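Scroll down for the structure; my scribbles are underneath it.
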Amino acid sequence: MILLLLLLLLLLLLLLLLLLLLLLLLLLLLLLLLLPLLLLLLLLLLLLLLLLLLLLLLLLLLLLLLLLLLLLLLLLLLLLLLLLLLLLLLL
1 MILLLLLLLL LLLLLLLLLL LLLLLLLLLL LLLLLPLLLL LLLLLLLLLL LLLLLLLLLL
61 LLLLLLLLLL LLLLLLLLLL LLLLLLLLLL L
């Protein structure tokens, strides 16, 4: 009787182990199916980050150009002022 009970318990344990193994296999399969999706998401995120970086670089370039233009304008104004001063001295 006890032997039969032990055998039944062993069988139940084996069944539980098999079920656990099956669950693990299913989880692994699910992970394998979801992996390309995750990879795609990561790639998309990386692309977005790259785009943001490019935009930032473009903005920086624009700012630099604006600064250069301002400097040129200031130089022109200074030159004009100098010319005016020279003209006033001649008269």
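Numbering (UniProt numbering), first residue to last: 1 to 91. From the three backbone atoms N, C-alpha and C, an ideal C-beta is built for every residue, glycine too. As the structure is a prediction and not an experimental result, all values here were calculated from the model.
- Here DSSP, grouped into helix, strand and coil, assigns L91 to coil.
- As for any alpha helix (DSSP H) of minimum length 4 sitting wholly inside the UniProt domain "ABC transmembrane type-1" (1 to 91), the runs are 2 to 90, ordered along the chain.
- Here the alpha carbons of L27 and L34 stand approximately 10 Å from one another.
- CA-CA distance, L64 to L79, rounds to 22 Å.
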